[in-house]
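With full-length UniProt numbering, letter number 3 in the sequence shown gets 3, and the count goes up by one each step, no holes. From the three backbone atoms N, C-alpha and C, an ideal C-beta is built for every residue, glycine too. These notes are about the structure you will find just below.
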Amino acid sequence: MRILVTGGAGFIGSNFVHHLVEHTDHTVTVLDKLTYAGNLASLEGLPTERVEFVKGDIADASLVDELFGRHDAVVHYAAESHNDNSLNDPRPFLDTNIIGTYTLLEAARRHGIRFHHISTDEVYGDLELDDPARFTENTPYNPSSPYSSTKAGSDLLVRAWVRSFGVQATISNCSNNYGPYQHVEKFIPRQITNVLRGERPKLYGTGENVRDWIHADDHSSAVLTILEKGVIGETYLIGADGEKNNKDVVESILTELGQPADAYDLVTDRPGHDLRYAIDSTKLRTELGWAPRYGDFAAGLAATIAWYRDNEAWWAPQKEATEAKYRASGQA
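So, in structure tokens, the structure goes:
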């Protein structure tokens with residue numbers, strides 16, 4: 001197949017491109033605007049005869065139409081995704097997550113192309129810390145930030161284009177990813193790189209907020225499974241049973257790097273900070289036969305720490321500007 005990957009120079013998009021090259025014979029075109037979160041270094045070493053890069057905006061209708069015309073499938077990762085940024089300036093999230101997705105769906109409609117939309121568990125809002133429930137495909141949407149509300153909107157656009165226009169699309173909502181090539185503004189790589197630089201990790205509030213962590217390679221394998229086996233019009237939740245609160249994650253990072261487990265600082269909490277996310281991925285596992293490789297969060301975290309330790313040249317250019325932004329917001 002010829003697969004177009006939007007946002008393929010970003011974190012989970014680039015991991016998916018690596019996964020396709022390693023596990024399939026497909027050829028890949030990456031479409032990426034190369035905002036601050038996109039990094040061509042994340043695609044280095046991939047075979048040029050199988051991976052093409054196109055710099056461009058998913059809201060550029062003429063470019064999108066030309067690319068859709070020469071591909072068999074599209075996997076749509078491109079999104080503005082950092083909650084803190086959405087609270088400071090929501091407009092880019094509307095432009096990319098809503099208008100960009102609309103532009104892609106219209107091209108998919110014209111060309112009759114297979115379309116898979118990547119989304120997030122944050123569209124469901126949050127759960128109480130002591131609630132035994134998990135999100136399922138039937139959980140009502142209840143987004144709480146400009147980021148999650150625009151992702152919820154893009155999901156609804158996909159569903160409408162399937163029902164109204166017969167677009168051949170599926171959706172996946174995934175829990176929090178971690179792994180190689182993640183920008184250092186994000187929680188896990190920020191803490192790892194702080195420790196590697198001899199600085200103390202930073203923890204919002206009291207660190208009790210719970211996330212359901214999944215390694216990016218497991219996310220990639222799930223998306224490929226949905227692309228190959230998923231039922232058109234269906235939504236699949238992707239998770240690896242990795243619930244951990246932020247305090248436990250920071251302490252695990254410090255311990256893995258040989259530091260005292262309490263060598264971190266508490267900083268001002270994020271406004272509207274969701275309490276807990278938890279994914280029930282039963283549908284994906286039972287109907288499509290998917291299972292995660294990293295069933296043990298500790299093993300996946302250790303592999304991620306090793307990657308950042310070995311790839312300082314990749315993350316160091318981002319680090320100072322990122323920390324300057326956090327200092328300016330009082331969260332350093």
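Do you know how far the Cα of residue j is from the Cα of residue i?
i	j	result
SER42	PHE135	31 Å
ILE58	SER281	29 Å
GLY56	ASP32	6 Å
CYS174	GLU208	21 Å
LEU196	LYS319	12 Å
GLY239	ASP126	15 Å
ILE99	ASP60	10 Å
TRP315	ASP130	36 Å
LYS283	ILE305	31 Å
VAL267	TYR204	5 Å
THR120	TYR147	10 Å
GLN191	VAL250	7 Å
PRO47	PRO260	42 Å
ALA133	LEU87	28 Å
GLY198	ASN246	20 Å
GLY295	PRO92	35 Å
SER62	GLU256	49 Å
VAL54	SER81	21 Å
residue 335	ALA328	This structure leaves residue 335 out entirely; the chain is present only between 1 and 332.
ARG163	ALA73	19 Å
HIS116	SER252	34 Å
SER149	ARG293	31 Å
PRO317	LYS229	40 Å
TRP290	ASP217	13 Å
GLY166	VAL231	13 Å
residue 333	ILE279	Because the chain is modelled from 1 through 332, residue 333 falls outside the range shown and cannot be assessed.
PRO90	GLU243	28 Å
GLY330	ASP25	48 Å
Let me check you understand the geometry: is the CB of residue i closer than 7 Å to at least one non-hydrogen atom of the ligand SAM?
i	result
TYR308	Here there are no bound small molecules, and the ligand SAM is not part of this structure.
Give the DSSP bridge partners of residue i, in chain order.
i	result
GLU106	DSSP, once it has assigned bridges, lists no residue as partnering GLU106.
LYS244	ARG211
HIS82	The partner list for HIS82 (beta bridge, DSSP) is empty, contrary to what the question assumes.
THR170	HIS116
residue 334	An answer regarding residue 334 cannot be provided, because it is not within the stretch 1 to 332 covered by the chain.
ASP265	LYS202
LEU127	ARG276
HIS19	According to DSSP, HIS19 bridges with nothing at all.
VAL75	VAL5 and HIS116
LEU237	ASN173
PHE135	ILE279
TYR178	HIS215
Rounded C-beta distance between residue i and residue j? I'm assuming under 8 Å.
i	j	result
TRP307	PRO180	5 Å
GLN168	ARG110	Not confirmed; about 12 Å, so no contact.
PRO143	ALA152	5 Å
TYR102	LEU157	6 Å
Taking the alpha-carbon of residue i as reference, which of the options has the nearest alpha-carbon?
i	options	result
TRP213	VAL74, GLU312, TYR277 and ALA79	TYR277
ALA302	LEU254, ASP262 and ASP95	LEU254
GLY233	LEU34, SER172, ALA78 and SER81	SER172
GLU22	PRO292, GLU66 and VAL51	VAL51
TYR36	GLY330, THR322, SER329 and TYR326	THR322
ARG270	SER14, ASN83, GLU44 and VAL184	ASN83
VAL184	VAL17, ALA324 and VAL30	ALA324
ASN39	SER62, VAL28 and ASN15	ASN15
ASP262	ILE279, ALA222, TYR294 and THR206	THR206
PHE297	TYR178, SER329, ALA328 and ASP89	TYR178
ASN311	PRO189, LYS244, VAL75 and PHE165	PRO189
ASP248	VAL210, VAL231 and THR235	VAL210
VAL123	GLY45, ARG293 and ASN176	ASN176
ALA160	VAL223, THR235, SER221 and ASP72	THR235
GLU34	LEU224, THR27, LEU237 and GLY13	Here the sequence assigns Leu to residue 34, which means Glu is not the residue at that position. For the residues LEU224, THR27, LEU237 and GLY13, the minimum Cα distance to LEU34 belongs to GLY13.
GLY45	HIS26, VAL17 and ARG70	VAL17
THR193	HIS71, PRO90 and TYR264	TYR264
PHE187	TYR326, VAL75, ALA291 and VAL28	TYR326
LEU94	LEU104, ALA79 and LEU105	ALA79
GLU49	THR27, GLU66 and ARG70	THR27
GLU66	LEU104, ASP89 and VAL75	LEU104
ARG285	ASP241, ARG309 and ALA313	ASP241
VAL75	ALA222, PRO90 and GLN182	ALA222
ARG70	GLN182, GLY112 and ASP25	GLY112
PHE11	THR24, PRO90, ASP25 and GLN182	GLN182
When you compare the CB positions of residue i and residue j, do they come within less than 8 Å of one another, or not?
i	j	result
LEU275	GLU128	yes
THR170	ILE226	yes
GLY7	SER145	no
HIS215	GLY300	yes
VAL30	VAL64	no
ALA9	PHE68	no
residue 382	ASN85	Outside the shown range of the chain (1 to 332) lies residue 382, about which nothing can therefore be said.
LEU288	HIS19	no
Let me see if you follow: with CB-CB separation under 8 Å, is residue i close to chain B or not?
i	result
ARG276	In the structure shown, chain B cannot be found, because there is only a single protein chain.
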